[in-house]
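At position 305 of the sequence shown (counting the first as 1) the number is 305 in our numbering, and the numbers step up by one without a gap.
Glycine included, each C-beta is placed from N, C-alpha and C at the ideal position.
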Amino acid sequence: MTTALFSFSRIIGGSLHLPLTDSSLITLLLLLVFQNCYAQDNSTITSTQFITDSQTLTSSGQYFKLGFFSPVNSTSRYVGIWYGNNVTVQTVVWVANRDNPLNDSSGTLRINGTGGNLLVSNGRGVVMWNTNVSDAAAVNNSVAELMDNGNLVFRLANDSKRILWQSFDHPMNTFLPDMRIRGNSKPNILQQFTSWKSESDPSMGNYSVGLELLENILQMVLWGKGSTGRLWRSGPWNNRIFIGLPDMESVYNDGFYIVKDDQDGSMYLTYDYVDKSRKERYVLDYDGSIIGEIWREEAKVWYRFWSTKANVCDATYGKCGPFGICDQLNSPVCSCLAGYIPTSTDEWGKGNWSSGCARKTNLKCQNSSTNSSSDDGFFKLGSLKVPDFSYWVATSKVEECVQVCLTNCSCIAYSYNSGIGCLTWSGSLLDTQNFSSSGEDLYIRLARSDLIGKKMKAIIIIAVIVGALTIFVCGSFFWRWMAKQRGTESSKDTQTVGESTDQSILGENPDRLRVFKFEELAIATNNFSGGNKLGEGGFGPVYK
Numbered sequence: 001m002t003t004a005l006f007s008f009s010r011i012i013g014g015s016l017h018l019p020l021t022d023s024s025l026i027t028l029l030l031l032l033v034f035q036n037c038y039a040q041d042n043s044t045i046t047s048t049q050f051i052t053d054s055q056t057l058t059s060s061g062q063y064f065k066l067g068f069f070s071p072v073n074s075t076s077r078y079v080g081i082w083y084g085n086n087v088t089v090q091t092v093v094w095v096a097n098r099d100n101p102l103n104d105s106s107g108t109l110r111i112n113g114t115g116g117n118l119l120v121s122n123g124r125g126v127v128m129w130n131t132n133v134s135d136a137a138a139v140n141n142s143v144a145e146l147m148d149n150g151n152l153v154f155r156l157a158n159d160s161k162r163i164l165w166q167s168f169d170h171p172m173n174t175f176l177p178d179m180r181i182r183g184n185s186k187p188n189i190l191q192q193f194t195s196w197k198s199e200s201d202p203s204m205g206n207y208s209v210g211l212e213l214l215e216n217i218l219q220m221v222l223w224g225k226g227s228t229g230r231l232w233r234s235g236p237w238n239n240r241i242f243i244g245l246p247d248m249e250s251v252y253n254d255g256f257y258i259v260k261d262d263q264d265g266s267m268y269l270t271y272d273y274v275d276k277s278r279k280e281r282y283v284l285d286y287d288g289s290i291i292g293e294i295w296r297e298e299a300k301v302w303y304r305f306w307s308t309k310a311n312v313c314d315a316t317y318g319k320c321g322p323f324g325i326c327d328q329l330n331s332p333v334c335s336c337l338a339g340y341i342p343t344s345t346d347e348w349g350k351g352n353w354s355s356g357c358a359r360k361t362n363l364k365c366q367n368s369s370t371n372s373s374s375d376d377g378f379f380k381l382g383s384l385k386v387p388d389f390s391y392w393v394a395t396s397k398v399e400e401c402v403q404v405c406l407t408n409c410s411c412i413a414y415s416y417n418s419g420i421g422c423l424t425w426s427g428s429l430l431d432t433q434n435f436s437s438s439g440e441d442l443y444i445r446l447a448r449s450d451l452i453g454k455k456m457k458a459i460i461i462i463a464v465i466v467g468a469l470t471i472f473v474c475g476s477f478f479w480r481w482m483a484k485q486r487g488t489e490s491s492k493d494t495q496t497v498g499e500s501t502d503q504s505i506l507g508e509n510p511d512r513l514r515v516f517k518f519e520e521l522a523i524a525t526n527n528f529s530g531g532n533k534l535g536e537g538g539f540g541p542v543y544k
């Protein structure tokens, strides 16, 4: 009770020295506390309300809840947002005081009327987290509301469109429908999701993911803390999907789109669904994997439908090294791009492909002072996740893209997509992946000798296939012809036997019955032996 009264005296602003032994005053204060501060199961907090450790806010449609919680295997207390409704497993999507946990259950979430901020404080009045808003209009005129999409909105009480702060602009590790990921070429504007440190510690972990915007090329990138660098990327956005995610065509493309902000040059990736009851999320896990999950109501579990670590080629960034290509369906998964050979056959033999590949034959333009490219050409590779670190070229036709690359010796590859435009590469071709379907075409620059070799190899393969098919087809026709011939001969033999039998009976003229001589009949009946006699009628005996 003393803690509750102390919290109340702190909330109404000031150091009130109250005679706590006065029972009438205590009763009055308790009534005020429970009348003004009770916010359980409401969706809003006003300047006269707050929630304590045992209370929650619930969005109007009961899709999400906000309150105090402790992660698994932890006694620390945090203010967070988790799924409501029928999600029986507490699934936290956002944490306020992630880096400053409470040590006990004395914390409160309230609006500071004098400062116009939403804040979390402990039982001693120490602020553990706040929205850090500086707006004079917010003083005594603000409200916090938990929305049905999981967004905690801090806004003016008399103007619902005047948003002072919202949790969607400060994401943690979870990407929800209606949330926007901002991409910008300016690092200070880049918006990132950060992982938890562990399953029991929501403080900032070792991994972050964001929308990288470079040279009009937009892609999702996963980074490791410190010198770890890039760990995964989605491939460029082509106005429909990320081309490095072939499953996006059929599994989770629904609802994703890009919003452009012309004022500051930002681009936002977002997704939503018509069915607001659909519970789907993307999470940056504490182990560095990005996972997509959907709630299965019948089983009461989160079903994982996608993960960056499900594909061995995505599990390690640049797995096959520079100028290498990864294909999870091959064994081994790494090989060199056309016109390249392993830099270290020993290491490749051990399954260590990080050193990558080197060009087999130098380009003509590299050996010529005139920078001539007449002896160089391009070899097409299809169904790829194109390499990282491309340059965007302002062209509207694929022919222009070819010429841009061909006339620049430093351009070692190009790709053209109608949704992106012309992409060119110089330097290393890194993090390339081969897909069984989908993906983009990549044209890599080769010396003519390598190009001819590749073409001859392709011609030989095609010739072998065509030859084999020709032999098979001709053999099939020959076998059928032979079978037909054998059938014809058999039919003729049967017919000949029948005709011979008939002729032996009918004689040379089939229109007349044959007349037998007496000697022939005597021989045939063994001289009219009784053993050959069949019977006797009105015309005499009958012999066989």
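Assuming contact is defined by CB atoms lying nearer than 8 angstroms, are residue i and residue j in contact in what I supplied?
i, j, result
"ARG182", "LEU164", "no"
"ARG448", "ALA413", "no"
"ARG110", "PHE68", "no"
"GLY229", "GLN219", "no"
"LEU66", "LEU119", "no"
"PHE389", "GLY339", "no"
"VAL312", "VAL333", "yes"
"LYS385", "PHE435", "yes"
"GLY113", "ASN132", "no"
"GLY84", "THR58", "yes"
"THR343", "ALA358", "yes"
"THR270", "ASP148", "no"
"ARG281", "VAL153", "no"
"SER142", "TYR286", "no"
"PRO547", "GLY349", "Given that the chain is displayed from residue 1 to residue 544, the structure contains no residue 547 and the question cannot be resolved."
"TYR207", "GLY224", "yes"
For residue i, count neighbouring Cβ atoms within 10 angstroms of its own Cβ and tell me buried if that reaches 16, exposed if not.
i, result
"ASN117", "buried"
"LYS186", "exposed"
"LEU506", "Residue placement at LEU506 is flagged as unreliable, the pLDDT there being 46, under the threshold of 50; the coordinate-derived value follows with that caveat. Exposed: under 16 other Cβ atoms inside 10 Å."
"GLN90", "exposed"
"GLU297", "exposed"
"ARG486", "exposed"
"SER504", "A caution first: SER504 carries a pLDDT of 47, below 50, which makes its placement in the model too unreliable to give a value."
"LYS566", "Given a span of 1 to 544 for the chain in the structure shown, any question on residue 566 remains unanswerable."
"MET172", "buried"
"PRO246", "buried"
"PHE242", "buried"
"ALA144", "buried"
"ASN86", "exposed"
"ASP99", "exposed"
"ASN151", "buried"
"ASP169", "exposed"
"LYS319", "buried"
"LEU469", "exposed"
For the beta strand (DSSP E) containing residue i, name the first residue and the last one.
i, result
"ASN570", "Nothing can be reported for residue 570, as the shown portion of the chain is limited to 1 through 544."
"GLU212", "201-214"
"GLY224", "217-224"
"ARG155", "152-156"
"LEU146", "142-146"
"THR228", "That residue, THR228, is in no beta strand (DSSP E); it is neither H nor E in DSSP."
"MET128", "127-130"
"ASN417", "413-417"
"VAL283", "280-284"
With distances taken from CA atoms, which of the options is nearest residue i?
i, options, result
"ASP104", "TRP392, SER121, PHE154, THR407", "SER121"
"SER415", "TYR303, ASN434, CYS401", "CYS401"
"GLU546", "ASN532, LEU423, GLN90", "Past the boundaries of the shown model lies residue 546; the chain is included only from 1 to 544, so the question cannot be answered."
"LEU363", "CYS326, LEU406, THR343, VAL333", "LEU406"
"SER418", "MET248, LEU429, TRP392, TYR63", "TRP392"
"GLY377", "TYR303, ASN42, GLY321, ILE452", "ILE452"
"TRP129", "GLY224, TYR78, ASP148, GLU293", "TYR78"
"ASP272", "GLY265, ARG278, GLY255", "GLY255"
"PRO387", "SER410, THR432, GLY349", "THR432"
"GLY351", "CYS326, PHE168, PRO71", "CYS326"
"ARG233", "SER289, ASP262, ASN184, SER195", "SER289"
"ASN239", "TYR268, SER227, LEU329", "TYR268"
"SER203", "GLN192, ALA96, ILE341", "ALA96"
"ALA157", "ILE45, PHE193, GLY244, GLN55", "ILE45"
"THR88", "GLY205, LYS309, ALA299, GLY107", "ALA299"
How would you write the range of the alpha helix (DSSP H) that residue i sits in, first residue to last?
i, result
"GLN403", "398-406"
"ASP346", "345-349"
Sequence ranges, beta strand (DSSP E) only - wholly within the stretch 89-122, length at least 3: As far as the stretch 89-122 is concerned, its whole beta strand (DSSP E) runs of at least 3 residues are 92-95, 108-112, 117-121.
Alpha helix (DSSP H) runs contained entirely in the stretch 288-362, provided each spans 4 or more residues: 312-315, 345-349
Complete beta strand (DSSP E) runs within the stretch 425-453 (minimum length 3 residues, chain order): Listed in chain order, the beta strand (DSSP E) runs fully inside the stretch 425-453 are 432-434, 440-447, counting runs of at least 3 residues.
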